[in-house]
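Q: These protein sequence lines are chains A and B, in that order. Those letters in the first sequence? Residues 1 to 107, by the numbering used here. Those letters in the second sequence? Residues 1001 to 1182, by the numbering used here. Don't be surprised by glycine CBs; every beta carbon is placed ideally from N, CA and C. Encoded as structure tokens, here's the structure I'll be asking about.
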Amino acid sequence: MNTQFKKGILELCVLVLIYKKDQYGYELAQNISDNIDLAEGSLYPLLRRLTKEGYCTTYLAESKEGPPRKYYRLTDKGKQYMDFLVSEWELFSINVNLLIKEALKDE
Amino acid sequence: MNKDQYLKELKQLLAPLSKVERDEILYDYREHFDNGLRDGKTDLEVINELGSPEEVAENVLEELPNSKKSIHNTNTDLVRMVVLSIVLIFINIIFVLAPLIGIITAYFGLYSVVVTLIFSPMVLFFNAIVNGVGSILISFFLVGVGLSLGVLVLLGLLWLGKWLFRLIKMYINFNVRLVRGY
């Protein structure tokens, strides 16, 4: 699939997941790859950009095993951006489904 | 390849970045490895999930804010441009268009002042010569005053027009730059 397209989708998934709860990178990677085939390495550059753009913040929290983990939390700005992307996505997927349905109807 | 080789290779590929930034990025991947290993995965399994260091480095460099490449290509950017265009069009129609039309109208209105300054004394002058109404000397003097003032104002207006035109062009360019995002 088109990589730019996939990146946009990945961005949406990350925002939605950290909206649900704060997560650390590895956790996020596992949650996304449960549903979507993903090169997990592309997640961190995305997280860095989202942080730089103020859509999420990070904090370190102790873990029971091993070193502290870097958690990502959605900001208010990030929430707004997520809402925007979700509505865009919904509109987009409705239209694509409609298009497919129309095209395959005649077969 | 194992964890250390992977991180070493990634570090080399991220050489264009500052040390601080590179260390931060490597920290994230090291943490990812540690979490994966604790999850019972081998180095190789984690690497397979991550993708090659080359892919990762390419992603990192693409997502840099100063990289024009990422600015132009993302899907969200197109959306941003469309939304921004619509917002700008509204702002311009509501707040900018009316004053602009006012200013331009006033500007061209001033040209009628020039016409009046130059031609009304001439009418007086002709009246004095042809019909003998009023003093020829005074109306001739007025023609001189009107003509010189008219030319001065005309020059001023031309100069003002040039700047007005530039200002409008700058404003339009500014809008375009805003939409394009640089």
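Beta-carbon separation of residue 19 of chain A and residue 77 of chain A under 8 Å?
A: Against the first sequence, residue 19 of chain A aligns to sequence position 19. Against the first sequence, residue 77 of chain A aligns to sequence position 77. Against a cut-off of 8 Å, the Cβ pair of residue 77 of chain A and residue 19 of chain A comes out as no contact.
Q: Quick one: list the residues of chain B neighbouring residue 70 of chain A, beta-carbon separation under 9 Å, in chain order.
A: As a first step, residue 70 of chain A must be located in the first sequence, where it is residue number 70. What residue 70 of chain A touches in chain B: 1027, 1028, 1031.
Q: Per DSSP, residue 61 of chain A is paired with what?
A: If you number the first sequence from 1, residue 61 of chain A lands on position 61. Answer by DSSP bridge pairing, in chain order: A:69.
Q: Could you tell me which residues DSSP pairs with residue 23 of chain A in its beta bridges?
A: The sequence position of residue 23 of chain A within the first sequence is 23, counting from 1. A:72, per the DSSP bridge assignment.
Q: Which one or two residues does DSSP pair with residue 56 of chain A in a beta bridge?
A: Mapped onto the first sequence, residue 56 of chain A falls at position 56. Per DSSP, A:74.
Q: Please confirm whether residue 1057 of chain B and residue 1100 of chain B have their CB atoms less than 8 Å apart.
A: Translated into positions along the second sequence, residue 1057 of chain B becomes position 57. Translated into positions along the second sequence, residue 1100 of chain B becomes position 100. Going by C-beta atoms, residue 1057 of chain B is not nearer than 8 Å to residue 1100 of chain B.
Q: Could you tell me whether any Cβ in chain A is nearer than 8 Å to the Cβ of residue 1055 of chain B?
A: For the purposes of this step, residue 1055 of chain B is taken as residue 55 along the second sequence, with counting starting at 1. So, interface residue.
Q: In the DSSP assignment, find the alpha helix (DSSP H) that holds residue 37 of chain A and state where it starts and stops.
A: In the first sequence, residue 37 of chain A corresponds to position 37, counting from 1. No alpha helix (DSSP H) contains residue 37 of chain A, which DSSP labels as neither H nor E.
Q: Between the C-alpha atoms of residue 1105 of chain B and residue 1097 of chain B, what's the straight-line distance to the nearest angstrom?
A: For the purposes of this step, residue 1105 of chain B is taken as residue 105 along the second sequence, with counting starting at 1. For the purposes of this step, residue 1097 of chain B is taken as residue 97 along the second sequence, with counting starting at 1. So the alpha carbons of these two residues sit roughly 12 Å apart.
Q: Quick one: using the 10 Å Cβ neighbour count with 16 as the cut-off for buried, is residue 1063 of chain B buried or exposed?
A: Residue numbering aside, residue 1063 of chain B sits at position 63 when the second sequence is read from its first letter. Residue 1063 of chain B is buried by the Cβ-count criterion.
Q: For residue 56 of chain A and residue 1044 of chain B, what's the separation of their Cα atoms in angstroms?
A: What you label residue 56 of chain A is simply residue 56 of the first sequence in a count that begins at 1. What you label residue 1044 of chain B is simply residue 44 of the second sequence in a count that begins at 1. Rounded to whole angstroms, residue 56 of chain A to residue 1044 of chain B spans 31 Å at the Cα level.
Q: Secondary structure at residue 1015 of chain B, three-state DSSP: helix, strand or coil?
A: To locate residue 1015 of chain B, count along the second sequence from 1; it is residue 15. In this structure, residue 1015 of chain B counts as coil in the three-state DSSP scheme.
Q: Please check if any C-beta of chain B sits within less than 8 Å of the C-beta of residue 87 of chain A.
A: Residue mapping note: residue 87 of chain A aligns to position 87 of the first sequence, counting from 1. Output row for residue 87 of chain A: interface = no.
Q: I'd like to check one pair, residue 1034 of chain B with residue 67 of chain A: are the Cβ atoms closer than 8 Å?
A: As a working mapping, residue 67 of chain A is identified with position 67 in the first sequence. As a working mapping, residue 1034 of chain B is identified with position 34 in the second sequence. Going by C-beta atoms, residue 67 of chain A is nearer than 8 Å to residue 1034 of chain B.
Q: Give the straight-line distance between the Cα atoms of residue 98 of chain A and residue 1026 of chain B, rounded to the nearest whole angstrom.
A: In the first sequence, the residue the question calls residue 98 of chain A occupies position 98. In the second sequence, the residue the question calls residue 1026 of chain B occupies position 26. Spanning the two alpha carbons is a distance of roughly 44 Å.
Q: What is the rounded straight-line gap between the Cα of residue 1072 of chain B and the Cα of residue 1152 of chain B?
A: To locate residue 1072 of chain B, count along the second sequence from 1; it is residue 72. To locate residue 1152 of chain B, count along the second sequence from 1; it is residue 152. Residue confidence is low: residue 1072 of chain B scores 47 on pLDDT, short of 50, so the model does not pin down where it sits. Its coordinate-derived value is still stated next. Each residue's alpha carbon lies about 50 Å from the other.
Q: Going by C-alpha to C-alpha distance, which of B:1127, B:1157, B:1158, B:1117 sits closest to residue 1144 of chain B?
A: Walking along the second sequence from the start, residue 1144 of chain B turns up at place 144. Selected option, being the one with the closest Cα: B:1117.
Q: So, for residue 1011 of chain B: in the same chain, excluding its five sequence neighbours on each side, which residues have a beta-carbon less than 8 Å away from its beta-carbon?
A: As a first step, residue 1011 of chain B must be located in the second sequence, where it is residue number 11. Within the same chain, residue 1011 of chain B has close Cβ partners 1022, 1026.
Q: By a C-beta neighbour count over all protein chains shown, 10 Å radius and 16 as the cutoff for buried, is residue 1139 of chain B buried or exposed?
A: Taking the second sequence and counting its residues from 1, the one referred to as residue 1139 of chain B is at position 139. Buried is the call here.
Q: Are three or more beta carbon pairs between the segment 1124-1143 of chain B and the segment 1077-1085 of chain B nearer than 8 Å?
A: No, the segment 1124-1143 of chain B does not touch the segment 1077-1085 of chain B.
Q: Taking 8 Å as the CB-CB limit, is residue 1185 of chain B close to chain A?
A: Outside the displayed range of chain B (1001 to 1182) lies residue 1185 of chain B, so it cannot be described from this structure.
Q: Thinking just about the alpha-carbon of each residue, which of A:85, A:61, A:34 is nearest to the one in residue 5 of chain A?
A: On the first sequence, position 5 is the one that residue 5 of chain A refers to. Considering only alpha carbons, the answer is A:85.
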